[in-house]
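Asker: Okay, handing you the structure first.
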Amino acid sequence: MGAYILRRLLLILPTLFGIMVINFSLTQFVPGGPIEQIIAQMSGGGDVFDTIAGGGDAGAGADLGVGEEKYLGARGLPPEFIKKLEVEFGFDKPPLERFLRMMGNYLTFDFGDSYFRSVSVIGLVIEKMPVSITLGLWSTLIAYMVSIPLGIRKAVRDGSRFDTWTSAIIIVAYSIPGFLFAILLLVLFAGGSYFQWFPLRGLHSDDWESYSLPGKIGDYFWHIALPVLASTISSFATLTLLTKNSFLEEIRKQYVMTARAKGLAENRVLYGHVFRNAMLIVIAGFPAVFVSVFFGGSLIIETIFSLDGLGRLGFEAAVARDYPVVFGTLYIFGLIGLVMGLVSDLMYVWIDPRIDFATRET
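Throughout the sequence shown, residue numbering follows the numbering used here, covering 52 to 413 in sequence.
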């Protein structure tokens with residue numbers, strides 16, 4: 052097993068390197084950049100896209116690569132100023148040199164500073180992390196706590212009326228987009244048009260520091276109730292049906308019929324024999340599910356509920372072409388995702404020791 056873990060760890064670096072190469076290469080062909088953003092703001096265009104849209108106007112700026120006007124909207128700006136910006140952002144170096152230097156720094160977890168926020172990338176990630184962890188962790192836990200018992204119940208009563216109407220509810224819930232459900236929750240329960248039972252934004256109240264410990268805990272759960280519910284709604288269907296199908300497959304196997312023939316109680320058969328085998332794929336997939344919720348579904352929910360988390364950070368950095376934040380967070384998240392893949396494999400072995408990844412070809 053140790054050899055397998057070592058092989059997987061050694062594969063992390065080239066995989067992560069490939070991810071960074073692809074994304075860094077793509078940014079070389081995307082219009083705009085941090086220098087263009089600054090030029091656009093100085094020219095009153097708001098952002099680089101306004102400058103690009105007005106690139107044909109002689110007063111707005113020259114085309115890229117025409118004469119000494121390297122950047123859209125740069126006409127009239129001193130060349131020394133443009134050169135200073137290039138040196139400050141590192142664009143005076145060739146792309147390959149910039150990429151290799153960046154990766155060298157990343158190997159020592161030196162992610163540099165944001166172009167526009169005057170704070171380190173690590174500082175930004177640590178600052179925004181609690182919001183995303185809150186959404187990802189609670190959404191995943193609640194989805195498992197509801198889906199596993201419900202899936203087991205559906206498997207035991209397969210084909211019954213209970214199985215039919217719960218499947219209908221699950222399919223309807225799965226078909227509702229998360230952002231639409233979030234808006235519905237706001238309208239109904241956050242002072243939209245009906246009730247004002249929950250706060251509209253934030254992770255805690257403004258005077259949270261003055262609360263007692265029980266008050267802080269209650270205020271925290273009061274604020275996260277709607278965002279967590281909105282980010283969890285689409286997870287129920289997949290986990291519930293996966294649990295049900297896993298149980299059905301195990302229930303029909305010979306060892307279950309043998310256990311029943313020996314006179315074992317039904318609960319003993321289900322939870323003493325079937326559960327361990329049926330839950331293998333469900334429980335072992337917990338790290339992957341958490342990562343997908345943590346990184347994938349947070350942007351829209353954070354925006355709707357005005358939560359300042361990693362989803363909004365990544366989106367705003369991409370729009371502003373804040374490359375240290377974009378590539379730094381990509382590196383961190385990619386590394387976490389790859390490590391979680393290894394953790395998922397180890398959980399398979401922990402749940403069922405019969406599995407031996409060390410004998411598997413890689």
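Ideal Cβ positions, reconstructed from N, Cα and C, are used throughout, including at glycine.
Return helix, strand or coil for Ala316, following the three-state DSSP convention.
Answerer: coil
Asker: Whose C-alpha, out of Lys144, Ile193, Ser395, is nearest the C-alpha of Ile334?
Answerer: Ranking the options by Cα distance to Ile334, first place goes to Ser395.
Asker: Whole angstroms is fine: what's the gap from Leu393's alpha carbon to Ser183's?
Answerer: 22 Å
Asker: For the segment 265-294, which segments carrying the beta strand (DSSP E) assignment without a break, of at least 3 residues, lie completely within its bounds, in sequence order?
Answerer: none
Asker: According to DSSP, is Gln79 part of a helix, a strand, or is it coil?
Answerer: coil
Asker: From Leu192 to Tyr225, what distance separates their C-alpha atoms?
Answerer: 18 Å
Asker: Relative to the C-alpha of Leu147, which residue among Ser76, Ile351, Phe213, Arg311 is closest?
Answerer: Ser76
Asker: Give the DSSP bridge partners of Asp164, in chain order.
Answerer: Note: Asp164 is bridge-paired with Ser171 in the DSSP secondary-structure output.
Asker: Out of Met196, Trp189, Val138, Leu62, state which residue places its alpha-carbon closest to the alpha-carbon of Pro278.
Answerer: Selected option, being the one with the closest Cα: Trp189.
Asker: Use the C-beta contact count for Ser198: other C-beta atoms within 10 angstroms, 16 or more gives buried, fewer gives exposed.
Answerer: buried
Asker: Compare the C-alpha of Phe160 against each of Tyr166, Arg168, Gly174 and name the closest.
Answerer: Gly174
Asker: Counting pairs of beta carbons, one from the segment 243-257 and one from the segment 209-224, are three or more of them closer than 8 Å?
Answerer: no
Asker: Just the Cα atoms here: how many angstroms apart are Asp214 and Lys205?
Answerer: 5 Å
Asker: Can you find the residues in the same chain that come closer than 6 Å, C-beta to C-beta, to Leu239, ignoring five residues on each side of it along the sequence?
Answerer: Excluding residues up to 5 positions away in sequence, Tyr245 lie with their Cβ nearer than 6 Å to the Cβ of Leu239 in the same chain.
Asker: Express the C-alpha separation of Leu201 and Thr291 in angstroms, rounding to a whole number.
Answerer: Between the alpha carbons of Thr291 and Leu201 lies a gap of roughly 6 Å.
Asker: Does the Cβ of Phe272 have 16 or more other Cβ atoms within 10 Å, making it buried, or fewer, making it exposed?
Answerer: The residue in question, Phe272, is exposed, as its Cβ has fewer than 16 Cβ neighbours within 10 Å.
Asker: Taking the straight line between their C-alpha atoms, what separation do you get for Thr78 and Gly84?
Answerer: 9 Å
Asker: Just the C-alpha distance for Tyr306 and His324, rounded to the nearest angstrom, thanks.
Answerer: Spanning the two alpha carbons is a distance of roughly 9 Å.
Asker: Taking the straight line between their C-alpha atoms, what separation do you get for Gly141 and Leu397?
Answerer: 42 Å
Asker: From Val376 to Phe232, what does the alpha carbon distance come to, in whole angstroms?
Answerer: 30 Å
Asker: Short check: CB of Ala329 to CB of Ser286, under 7 Å?
Answerer: no
Asker: Would you decide whether Ser263 is buried or exposed? Buried here means 16 or more other CB atoms lie within 10 Å of its CB.
Answerer: exposed
Asker: Roughly how many whole angstroms lie between the Cα atoms of Gly112 and Lys179?
Answerer: Note on Gly112: pLDDT 36, under 50, position unreliable in the model; the coordinate value appears next. Using only the alpha carbons, I get a separation of about 37 Å.
Asker: Taking the alpha-carbon positions, what's the Phe80 to Ala368 distance?
Answerer: 17 Å
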